[in-house]
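**Q** Every number in the numbering used here is 44 more than the matching position in the sequence shown, counting from 1.
Mind looking over this structure? Questions follow.
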Amino acid sequence: MNIQDVLTLALQNKVRLVRFQYCDTGGIIRAKAAHAHSLADRIETGIGHSVALSAWTGVETLADIEGMGPVGEYRLVPDPETFTLLPYVPARPDASMMCDMIALDKQPWGACPRSFLKRMIARLDSQGMRMESSVEHEFYFARRDDNGAYVPADYALTYSTTGLDERADVMSAILDTLEAQGISIELFHTELGPSQQELSIHHADVLRAADHVCLVRETIRGVAHTFGLLATFAPKPWLDQAGSGAHIHWSLWGTEESEYPAKNLLSDASQPGGLSETGRYFIGGVLKHIRGLVALSCGSVNSYSRLQPHHWSSAYSAWGFDNREAAVRVPSLQWGRETQSTNLELKCADHSGNPYLAMGAIIAAGLDGITNRIQPGEPAAIDPGNYSEEERNRRGIVRLPTSLDEALGELERDEVLLEALGSSLATSYLAVKRNEIEYFRDKSAQEIVDQHFYKY
């Protein structure tokens with residue numbers, strides 16, 4: 045879609061406001077909106093935004109970062125390919141586009157998460173590779189009770205058809221909206237918790253997949269609101285119920301310029317599980333960096349209440365074939381589509397992590413694995429939490445960080461991930477997250493849950 049297409053669609057649909065959206069380092073989707081009469085100019089020039097917003101936290105405070113204070117700005121410059129109508133907005137639709145943060149010298153702003161993912165895509169391309177990705181979105185529907193507290197919208201059973209019936213009205217509206225926005229749906233079912241849902245989206249190139257994560261979140265929350273419901277993507281919205289993840293799937297393909305342009309580089313039918321040597325190296329890289337990577341894929345204090353042993357969310361640096369307790373799962377292949385369907389899944393990811401940072405970090409870690417031929421060790425054939433400590437040590441399996449503070453410490457020591465992020469983005473992210481940690485330091489577990497419930 046080009047700029048003229050955007051202007052035509054906006055005019056035809058009588059759009060008044062177009063949201064210039066971005067996902068910040070706190071994992072919150074934020075926006076400024078341009079009026080339709082200035083849209084043509086704003087697409088070209090962007091909208092000015094204070095550099096301080098790169099230091100803004102998920103608890104609505106400003107982290108103290110040199111050069112990210114009251115002086116200076118960058119521009120939110122939209123990607124016309126991401127233009128979409130928001131039909132759930134009352135009266136008549138607004139629209140939205142995802143933005144890059146562009147400095148006044150017209151170069152990417154150093155702390156821009158979307159630009160970071162673009163850099164990692166360029167690294168893949170330089171190696172003759174490209175990535176496709178998709179996400180399994182877990183979330184809850186909630187309503188307020190007579191005391192004003194949020195409670196589950198229903199109490200349907202796991203995978204039950206009753207659950208499908210209970211929320212059929214709102215889910216039908218959500219699916220209609222997503223399909224109208226160009227999002228292809230793969231699977232939907234009710235999940236473990238009361239009124240917990242899981243929606244799987246069709247794969248796309250990795251940049252568009254990250255854009256889709258933001259669009260899906262916004263659409264589900266927006267449509268749910270019209271039904272008097274809150275859709276929460278918080279990692280652990282209730283302490284006594286299952287957590288919600290954003291499981292990241294990816295496959296690796298040759299580019300048009302490479303020797304195997306149509307080949308899934310993760311696939312090799314001659315190897316166990318159909319997983320290629322390149323795929324094993326990629327897993328090796330991800331597992332080598334997993335303790336720092338999780339700081340980006342599980343980006344909130346609330347995340348670490350979810351990452352517990354024996355909770356099917358992954359708590360150890362293990363990998364395995366169809367092992368849903370492993371950090372990296374190799375899903376079983378689809379009959380008749382074995383080569384095309386070979387992919388990997390990162391289980392330790394949720395919606396408080398910025399998808400551009402998480403997916404970019406996966407690329408950086410995986411490329412390190414491929415470049416240095418890092419072996420992932422033996423696949424775990426059981427829940428890694430059921431191995432003895434001695435057996436986990438033998439296999440090189442370690443516990444994932446049990447707090448955001450611990451994960452950030454690992455990220456600070458990970459030279460590969462820090463180099464990939466770049467100084468500005470790494471400084472911004474670490475400062476924002478440490479500010480959030482300090483905010484929650486004296487809060488109870490329930491207060492932490494309550495603070496995250498509405499934000500995500």
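Glycine residues also receive a C-beta, built at the ideal position from the N, C-alpha and C atoms.
Under the DSSP definition of a beta bridge, which residues are partnered with residue 13?
**A** Residue 13 is absent from the structure shown; the chain starts at 45 and stops at 500.
**Q** Out of 96, 115, 387 and 116, which one is the CA nearest neighbour of residue 107?
**A** Within the sequence shown, the letter at position 63 stands for residue 107. Ranking the options by Cα distance to residue 107, first place goes to 96.
**Q** Taking residue 345 and residue 232 to be in contact with their CB atoms under 8 Å, please state how far apart those CB atoms are, rounded to whole angstroms.
**A** Counted from its first residue, the sequence shown places residue 345 at position 301. Counted from its first residue, the sequence shown places residue 232 at position 188. Contact flag wrong, Cβ pair sits at about 30 Å.
**Q** What are the partner residues of residue 282, as DSSP defines its beta bridges?
**A** Residue numbering aside, residue 282 sits at position 238 when the sequence shown is read from its first letter. According to DSSP, which records beta bridges pairwise, residue 282 is partnered with nothing at all.
**Q** Our contact map puts residue 278 next to residue 239 with C-beta atoms below 8 Å; I'd like the distance itself, whole angstroms only.
**A** To locate residue 278, count along the sequence shown from 1; it is residue 234. To locate residue 239, count along the sequence shown from 1; it is residue 195. In fact, because the Cβ distance is near 13 Å, the residues do not count as touching under 8 Å.
**Q** Excluding five sequence neighbours on each side, which residues of the same chain lie with their C-beta closer than 6 Å to the C-beta of residue 293?
**A** By 1-based counting over the sequence shown, the position of residue 293 is 249. Contacts found: 178, 387 and 389.
**Q** Starting from residue 473 and walking both ways along the alpha helix (DSSP H), at which residues does that stretch end?
**A** Position 429 of the sequence shown, counted from the first residue, corresponds to residue 473. Segment 467-484, the alpha helix (DSSP H) holding residue 473.
**Q** Once DSSP output is grouped into helix, strand and coil, what is the label at residue 171?
**A** Position 127 of the sequence shown, counted from the start, is the residue given in the question as residue 171. Three-state result, residue 171: coil.
**Q** Of all the options 463, 436 and 396, which has the alpha carbon lying nearest to the alpha carbon of residue 183?
**A** As a position in the sequence shown, residue 183 is number 139, starting the count at 1. It is 396 whose Cα lies nearest to the Cα of residue 183.
**Q** Alpha carbon to alpha carbon, how far is residue 449 from residue 161? Give it in angstroms, no decimals.
**A** As a working mapping, residue 161 is identified with position 117 in the sequence shown. As a working mapping, residue 449 is identified with position 405 in the sequence shown. Each residue's CA atom was taken as its position, placing residue 161 and residue 449 some 24 Å apart.
**Q** How about residue 46 and residue 124: are their beta carbons less than 9 Å apart?
**A** Position 2 of the sequence shown, counted from the first residue, corresponds to residue 46. Position 80 of the sequence shown, counted from the first residue, corresponds to residue 124. Taking 9 Å as the Cβ cut-off, residue 46 and residue 124 qualify as a contacting pair.
**Q** In terms of alpha-carbon separation, which member of 89, 329, 133 and 156 lies closest to residue 466?
**A** Residue 466 sits at position 422 when you count from the first residue of the sequence shown. Of 89, 329, 133 and 156, the residue nearest in Cα terms is 156.
**Q** Does the beta-carbon of residue 315 have 16 or more other beta-carbons within 10 angstroms, so that it is buried, or is it exposed?
**A** Within the sequence shown, residue 315 is the residue found at index 271, counting from 1. Residue 315 comes out exposed.
**Q** Measuring CB to CB, does residue 404 end up less than 9 Å from residue 163?
**A** Reading the sequence shown from its first residue, position 360 is the one you call residue 404. Reading the sequence shown from its first residue, position 119 is the one you call residue 163. Closer than 9 Å, so yes.
**Q** Given residue 257, which residues of its chain have a CB within under 6 Å of its CB, disregarding the five upstream and five downstream residues?
**A** The sequence position of residue 257 within the sequence shown is 213, counting from 1. Excluding sequence neighbours, residue 257 sits near 179 and 399.
**Q** What's the gap between the Cα of residue 311 and the Cα of residue 298?
**A** Looking up residue 311 in the sequence shown gives position 267. Looking up residue 298 in the sequence shown gives position 254. When the Cα atoms are used, residue 311 and residue 298 turn out to be separated by approximately 12 Å.
**Q** Run through the DSSP bridge pairs and tell me what residue 501 is partnered with.
**A** Outside the displayed span of the chain (45 to 500) sits residue 501, for which this structure offers no information.
**Q** Using the three-state DSSP reduction, which class does residue 499 fall into: helix, strand or coil?
**A** Within the sequence shown, numbered from 1, the residue matching residue 499 stands at position 455. In this structure, residue 499 counts as coil in the three-state DSSP scheme.
**Q** In terms of residue numbering, what span does the beta strand (DSSP E) encompassing residue 370 cover?
**A** Within the sequence shown, numbered from 1, the residue matching residue 370 stands at position 326. Start and end: 370-374.
**Q** Do residue 369 and residue 429 have their beta-carbon atoms positioned less than 9 Å apart in this structure?
**A** What you label residue 429 is simply residue 385 of the sequence shown in a count that begins at 1. What you label residue 369 is simply residue 325 of the sequence shown in a count that begins at 1. Against a cut-off of 9 Å, the Cβ pair of residue 369 and residue 429 comes out as a contact.
**Q** Buried or exposed: residue 225, going by 16 or more other Cβ atoms within 10 Å of its Cβ?
**A** Walking along the sequence shown from the start, residue 225 turns up at place 181. Buried: at least 16 other Cβ atoms inside 10 Å.
**Q** Give me the DSSP bridge partner(s) of residue 67.
**A** If you number the sequence shown from 1, residue 67 lands on position 23. DSSP lists 73 as partners of residue 67.
**Q** For residue 456, which residues in the same chain have their Cβ closer than 7 Å to its Cβ, ignoring the five residues on either side in sequence?
**A** Residue 456 sits at position 412 when you count from the first residue of the sequence shown. Excluding residues within five positions, the ones whose Cβ falls inside 7 Å are 474.
**Q** My assumption, with CB atoms under 8 Å, is that residue 358 sits in contact with residue 331. Please give the rounded CB distance.
**A** In the sequence shown, the residue the question calls residue 358 occupies position 314. In the sequence shown, the residue the question calls residue 331 occupies position 287. At roughly 11 Å, the Cβ-Cβ gap does not stay under 8 Å, so residue 358 and residue 331 are not in contact.
**Q** Output the distance between the C-alpha atoms of residue 82 and residue 53, rounded to the nearest integer angstrom.
**A** In the sequence shown, residue 82 corresponds to position 38, counting from 1. In the sequence shown, residue 53 corresponds to position 9, counting from 1. Rounded to the nearest angstrom, the two C-alpha atoms are 15 Å apart.
**Q** Is residue 138 near residue 61, with beta carbons less than 9 Å apart?
**A** The residue labelled residue 138 in the question sits at position 94 within the sequence shown. The residue labelled residue 61 in the question sits at position 17 within the sequence shown. A contact, by the Cβ cut-off of 9 Å.
**Q** Under a Cβ-count criterion, where at least 16 other Cβ atoms within 10 Å of its own Cβ denotes burial, should residue 58 be classed as buried or exposed?
**A** Start at 1 with the first residue of the sequence shown, and residue 58 comes out as number 14. Result: exposed.
**Q** Can you tell me whether residue 89 is buried or exposed, with buried defined as 16 or more other CB within 10 angstroms of its CB?
**A** The residue labelled residue 89 in the question sits at position 45 within the sequence shown. Label assigned to residue 89: exposed.
**Q** Classify residue 164 as helix, strand or coil using the three-state DSSP reduction.
**A** Locating residue 164 in the sequence shown gives position 120, counting from the first residue. Note: residue 164 maps to helix in three-state DSSP.
**Q** Relative to the C-alpha of residue 65, which candidate in 122, 352 and 101 has its C-alpha closest?
**A** Translated into positions along the sequence shown, residue 65 becomes position 21. It is 122.
**Q** Which value, in whole angstroms, describes the spacing of the CA atoms of residue 75 and residue 101?
**A** Counted from its first residue, the sequence shown places residue 75 at position 31. Counted from its first residue, the sequence shown places residue 101 at position 57. Going from the Cα of residue 75 to the Cα of residue 101 covers about 15 Å.
**Q** Just curious, the alpha helix (DSSP H) that residue 221 is in, first and last residue?
**A** As a working note, residue 221 is residue 177 in the sequence shown. That run of the alpha helix (DSSP H) goes 212-224.
**Q** Using 8 Å as the cut-off, classify the Cβ of residue 405 as near or not near the heavy atoms of the ligand NAP, replying yes or no.
**A** The ligand NAP is absent from the structure shown, which contains no ligand whatsoever.
**Q** Tell me residue 122's beta-bridge partners as DSSP assigns them.
**A** For this step, residue 122 is matched to residue 78 along the sequence shown. In DSSP, residue 122 forms a bridge with 143.
**Q** What span of residues does the alpha helix (DSSP H) with residue 453 cover, start to end?
**A** Taking the first residue of the sequence shown as 1, we reach residue 453 at position 409. From DSSP, the alpha helix (DSSP H) with residue 453 extends over 448-456.
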